[in-house]
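Taking it in order: structure first as structure tokens, then the write-up.
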Amino acid sequence: MPLKKGTSRETVSHNIKTESKHGKPHKQAVAIALNRARKSGAKIPKKSEK
88 MPLKKGTSRE
98 TVSHNIKTES
108 KHGKPHKQAV
118 AIALNRARKS
128 GAKIPKKSEK
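Residues in the sequence shown are numbered from 88 upward in steps of one, following the working numbering.
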């Protein structure tokens with residue numbers, strides 16, 4: 088099932104759940120969902136390396 092397009096918390100949450108159901112580790116599922124939201128126009132800063 089393809090991920091939803093959008094920037095809302097509900098959409099990001101849905102995409103995380105979808106990726107987790109398909110066996111992705113939680114951190115990777117979050118990264119994929121946030122990347123999808125960024126491509127949809129969300130202003131979510133990337134995590135800076137410290």
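Ideal Cβ positions, reconstructed from N, Cα and C, are used throughout, including at glycine.
Item                                                                                                                                                                  : Value
Go ahead and label Ile-131 buried or exposed: buried means 16 or more other beta carbons lie within 10 angstroms of its beta carbon, across all protein chains shown. : exposed
Go through its chain and collect everything with a Cβ distance to Arg-96's Cβ below 8 Å, but skip five positions before and after it.                                 : none
So what does DSSP say about Ile-119, is it helix, strand or coil?                                                                                                     : helix
Three-state secondary structure (DSSP) at His-101?                                                                                                                    : helix
Mind reading off the beta-carbon distance from Ser-127 to Thr-94? Whole number of angstroms is fine, and I expect it under 8 Å.                                       : 5 Å
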